[in-house]
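Residue numbers (the working numbering): 310 to 472.
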């Protein structure tokens with residue numbers, strides 16, 4: 310893909326991800342993790358997060374831990390490279406890493422710095438994690454499915470038998 314098409318596609322996905330955060334989706338169910346994992350453009354990924362947080366007041370004491378959690382998506386994507394089996398495994402690992410890091414910021418900012426506070430924080434965060442994981446898997450695996458369908462359509466239209 311040409312560089313200009315790649316940048317346009319990255320910008321388009323960033324805008325769609327940004328807009329989806331205002332949509333009907335339940336809390337923590339969003340394409341944001343999948344965009345960070347499959348988007349390929351870290352600049353647009355973080356720009357969409359910053360823009361949304363700026364306009365919706367998403368900054369809080371400890372938000373840097375959340376951004377560190379967001380950084381795990383492109384990191385695990387880098388480790389997975391283009392291998393589908395790794396992508397299928399590493400996307401949920403990125404979700405889990407996001408959960409651990411972002412909630413550490415919540416624990417550090419708002420909970421008693423004790424075992425009790427730590428366990429309470431993470432226990433109360435579990436429903437949010439399940440929704441984050443659901444969104445990441447739905448949008449991430451959906452992206453892989455669309456990519457597979459596109460490749461099949463291209464190979465079919467070119468006259469090659471892929472089997």
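Virtual Cβ for every residue (Gly too), placed ideally from N, Cα, C. Remember, predicted model here, so these are calculated numbers, not experimental data.
Please state if the CB of residue 447 and the CB of residue 386 are separated by a distance shorter than 8 Å. Here residue 386 corresponds to residue number 77 of the chain shown, with the count starting at 1. Here residue 447 corresponds to residue number 138 of the chain shown, with the count starting at 1. Taking 8 Å as the Cβ cut-off, residue 386 and residue 447 do not qualify as a contacting pair.
Could you check if residue 419 is buried or exposed, using at least 16 other CB atoms within 10 Å of its CB as the buried criterion? Working through the chain shown from its first residue, we reach residue 419 at position 110. Its Cβ having fewer than 16 others within 10 Å, residue 419 is exposed.
Could you check whether the stretch 439 to 453 touches the stretch 400 to 419, counting it as contact only if at least three pairs of C-beta atoms, one from each stretch, sit closer than 8 Å? Touching, per the Cβ criterion.
Considering only the beta carbon of each residue, do residue 453 and residue 414 sit closer than 8 Å? Position 144 of the chain shown, counted from the start, is the residue given in the question as residue 453. Position 105 of the chain shown, counted from the start, is the residue given in the question as residue 414. No, the Cβ-Cβ distance between residue 453 and residue 414 is not below 8 Å.
Counting along the chain, where does the alpha helix (DSSP H) carrying residue 445 start and finish? Your numbering for residue 445 matches position 136 in the chain shown. Per DSSP, the unbroken alpha helix (DSSP H) holding residue 445 starts and ends at 424 to 466.
Given that a residue counts as buried once 16 or more other Cβ atoms are within 10 Å of its Cβ, and exposed if not, what is residue 368? One-based indexing of the chain shown puts residue 368 at position 59. With fewer than 16 other Cβ atoms within 10 Å, it is exposed.
Can you look up residue 362 in the DSSP assignment and give me helix, strand or coil? For the purposes of this step, residue 362 is taken as the residue at position 53 of the chain shown. In the structure shown, residue 362 sits in a helix (DSSP, three-state: H, G or I).
Residue 472: buried (16+ other C-beta within 10 angstroms of its C-beta) or exposed? The residue given as residue 472 occupies position 163 in the chain shown. Residue placement at residue 472 is flagged as unreliable, the pLDDT there being 48, under the threshold of 50; a coordinate-derived value is accordingly withheld.
Residue 341: buried (16+ other C-beta within 10 angstroms of its C-beta) or exposed? Locating residue 341 in the chain shown gives position 32, where the first residue counts as 1. Under this definition residue 341 is a buried residue.
Using CA atoms only, rank isn't needed, just tell me which of 370, 338, 339 and 376 is closest to residue 356. On the chain shown, residue 356 is found 47 positions in, with the first residue counted as 1. Minimum Cα-Cα distance from residue 356 among the listed residues 370, 338, 339 and 376 corresponds to 376.
Report, in whole angstroms, the separation of the C-beta atoms of residue 288 and residue 337, which I expect to be a contact under 8 Å. For residue 288 there is no data in the structure shown, the boundaries of the chain being 310 and 472.
For residue 383 versus residue 358, is the C-beta distance shorter than 8 Å? Counted from its first residue, the chain shown places residue 383 at position 74. Counted from its first residue, the chain shown places residue 358 at position 49. Inclusion of residue 383 and residue 358 in the CB contact set at 8 Å is not warranted, their separation being larger than that value.
For residue 328, which of helix, strand or coil comes out of DSSP? Start at 1 with the first residue of the chain shown, and residue 328 comes out as number 19. If DSSP states are grouped into helix, strand and coil, residue 328 belongs with the helices.
Between the alpha carbons of residue 360 and residue 394, how many angstroms are there, rounded? Along the chain shown, one-based indexing puts residue 360 at 51. Along the chain shown, one-based indexing puts residue 394 at 85. Approximately 33 Å between the Cα atoms of the pair.
When we look at the beta-carbon of residue 449 and count the other beta-carbons within 10 Å, is it buried (16 or more) or exposed? Locating residue 449 in the chain shown gives position 140, counting from the first residue. Burial state of residue 449 is buried, judged by a 10 Å Cβ sphere holding 16 or more other Cβ atoms.
Under a three-way DSSP split, which group does residue 378 fall into? Position 69 of the chain shown holds residue 378. Here residue 378 sits in helix by DSSP.
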